[in-house]
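Trainee: Handing you a structure now.
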Amino acid sequence: MTLYPDLLKHQDRCAAISDTGVSILYHELSNFSLRIADTVKPHSLVFFFCENTIGSLAGAVAFLNNGVVPLLLDTGQNRQLLDHLLDTYQPAFIYLPSRMRKDFPEFKLCLKEYDYELLQTNYKEQIPLHDNLAMLFTTSGSTGSPKLVRLSLENLRANGESIIDYLGIGPNERPITTLPMHYSFGFSIINSHLMAGATVLLTTKTLVEKDFWDFFRTEKTT
């Protein structure tokens, strides 16, 4: 079971455009998913450092389409809490922006693409995961503890479908990111629009920055 079974249905439609001018098509997301599948076993736990960038979006799609369980984390995650999370959950892989590679020199590089890298950890034992687990989020109340929110694929699909139905989202929509991907609301915007075959406009800028509104107007945000 996958979350985005229609990637090839949309084929040459643009799935996302970043504020750096990089874009990715739906069939390219499908190809990247296949490369992840060649490296990561289903139901593996991945610590996923998210940004509103092409590499981050491609990773999210690939993990969820291959039954890999990502824990969505902020790239500015507190190191003490991160070390606690690593010790507690012992992920099989870490997926992160290339600039963060230096923070994990002990782990093996498996894949590098879209300015992101997939690292295999060296933990000897993997924490067993529930059969229905598809994704993990931290919460505002868990900043000082390793408590997480668990979601199933059914949760994610139902949430996306209800948003699509209520808002009438179609493939011609062009939403812009205004929240980080590791926030549940920020991810739900990306998730629902990818399910609908729309084009997501990815920016790391904030609403109070001129560059955000320049990108907003240039890309004809809906």
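For what it's worth, the working numbering labels the leading residue of the sequence shown as -3, then goes sequentially.
We put the CB at the ideal spot given by N, CA and C, even for glycine.
With distances taken from CA atoms, which of T199, Q76, P93, T174 is nearest E109?
Mentor: On the sequence shown, position 113 is the one that residue 109 refers to. Of T199, Q76, P93, T174, the residue nearest in Cα terms is P93.
Trainee: My output table needs one value for L53: the three-state DSSP class, helix, strand or coil.
Mentor: For the purposes of this step, residue 53 is taken as residue 57 along the sequence shown, with counting starting at 1. The answer is helix: DSSP assigns L53 an H, G or I state.
Trainee: Taking the C-alpha atoms as reference points, what is the distance between I159 and L129?
Mentor: The residue you call residue 159 lines up with position 163 of the sequence shown. The residue you call residue 129 lines up with position 133 of the sequence shown. Their Cα atoms are separated by approximately 22 Å.
Trainee: Would you kindly work out how many angstroms separate the C-alpha atoms of T(-2) and N118, rounded to a whole number?
Mentor: Along the sequence shown, one-based indexing puts residue -2 at 2. Along the sequence shown, one-based indexing puts residue 118 at 122. Using only the alpha carbons, I get a separation of about 28 Å.
Trainee: What separation, rounded to the nearest whole angstrom, lies between the Cα atoms of C106 and R97?
Mentor: Counting from one through the sequence shown, the residue named residue 106 turns up at place 110. Counting from one through the sequence shown, the residue named residue 97 turns up at place 101. Rounded to whole angstroms, C106 to R97 spans 12 Å at the Cα level.
Trainee: Which residues mark the beginning and the end of the beta strand (DSSP E) in which R146 is found?
Mentor: In the sequence shown, the residue the question calls residue 146 occupies position 150. Start and end: 145 to 148.
Trainee: Give every residue of the same chain whose Cβ lies closer than 7 Å to the Cβ of A12, excluding the five residues on either side of it in the sequence, and list them in chain order.
Mentor: The sequence position of residue 12 within the sequence shown is 16, counting from 1. These residues qualify, in order along the chain: S19, I20, I50, L53, T195, V196, L198.
Trainee: Check whether the segment 26 to 41 and the segment 163 to 178 are in contact - that is, three or more C-beta pairs closer than 8 Å.
Mentor: Contact between the segment 26 to 41 and the segment 163 to 178 is absent, because fewer than three Cβ pairs lie under 8 Å.
Trainee: If the criterion is Cβ atoms closer than 8 Å, does the pair L203 and F133 meet it?
Mentor: In the sequence shown, residue 203 corresponds to position 207, counting from 1. In the sequence shown, residue 133 corresponds to position 137, counting from 1. Cβ atoms of L203 and F133: not closer than 8 Å.
Trainee: Who are the near neighbours of E169 in its chain, counting only those whose CB is closer than 8 Å to its CB and skipping five residues on each side?
Mentor: Indexing the sequence shown from 1 puts residue 169 at position 173. Answer for E169: H189, A192, A194, T195, T218, listed in chain order.
Trainee: Considering only residues of the same chain and omitting the five flanking positions on each side of V145, which have a CB-CB separation below 6 Å?
Mentor: As a working mapping, residue 145 is identified with position 149 in the sequence shown. Within the same chain, V145 has close Cβ partners F133, T135.
Trainee: Residues in the same chain with beta-carbon distance under 6 Å from S138, minus the five sequence neighbours each way, listed in chain order, please.
Mentor: In the sequence shown, the residue the question calls residue 138 occupies position 142. Note that S138 has pLDDT 46, beneath the 50 cutoff, so the model's placement of it is unreliable and the number below is only indicative. Cβ within range, chain order: n/a, list empty.
Trainee: Over what stretch of residues does the beta strand (DSSP E) that includes E109 continue unbroken?
Mentor: Here residue 109 refers to the residue found at position 113 when the sequence shown is read from its first residue. Note, E109: beta strand (DSSP E), 104 to 109.
Trainee: Are any of the Cβ atoms in chain D nearer than 8 Å to that of I50?
Mentor: The question asks about chain D, but that chain is absent: this structure has only one protein chain.
Trainee: Could you check whether Q116 and F103 sit closer than 8 Å to each other, using their CB atoms as the reference points?
Mentor: Translated into the one-based positions of the sequence shown, residue 103 becomes position 107. Translated into the one-based positions of the sequence shown, residue 116 becomes position 120. The answer is yes: Cβ separation under 8 Å.
Trainee: What are the partner residues of S180, as DSSP defines its beta bridges?
Mentor: Taking the sequence shown and counting its residues from 1, the one referred to as residue 180 is at position 184. DSSP output for S180 lists no bridge partner at all.
Trainee: Alpha carbon to alpha carbon, how far is R31 from G55? Give it in angstroms, no decimals.
Mentor: Counting from one through the sequence shown, the residue named residue 55 turns up at place 59. Counting from one through the sequence shown, the residue named residue 31 turns up at place 35. Cα to Cα, G55 sits roughly 11 Å from R31.
Trainee: Just to confirm before moving on: does the CB-CB distance between V300 and H39 stay below 8 Å?
Mentor: The chain is shown only over -3 to 218; residue 300 falls outside these bounds and no answer can be derived.
Trainee: Have a look at the DSSP bridge pairing and note the partners of L67.
Mentor: To locate residue 67, count along the sequence shown from 1; it is residue 71. Looking at the DSSP assignment, L67 forms a beta bridge with F43, L132.
Trainee: Output needed for N62: all residues of its chain with C-beta closer than 8 Å, excluding positions within five of it in sequence on either side, in chain order.
Mentor: Translated into positions along the sequence shown, residue 62 becomes position 66. These residues qualify, in order along the chain: T(-2), S29, I32, A33, V36, P38.
Trainee: What are the boundary residues of the beta strand (DSSP E) that includes F212?
Mentor: The residue you call residue 212 lines up with position 216 of the sequence shown. Run containing F212: none in the beta strand (DSSP E); it sits in the alpha helix (DSSP H), 206 to 214.
Trainee: Comparing C-alpha positions only, which one of Y22, P124, E215 sits nearest to V42?
Mentor: Here residue 42 is taken as the residue at index 46 of the sequence shown, counted from 1. It is P124.
Trainee: Helix, strand or coil for S138, going by three-state DSSP, please let me know.
Mentor: Here residue 138 corresponds to residue number 142 of the sequence shown, with the count starting at 1. Any reading at S138 must be qualified, since the residue scores a pLDDT of 46, below 50, and its modelled position is unreliable; the value itself is stated next. DSSP places S138 in helix when its eight states are reduced to three.
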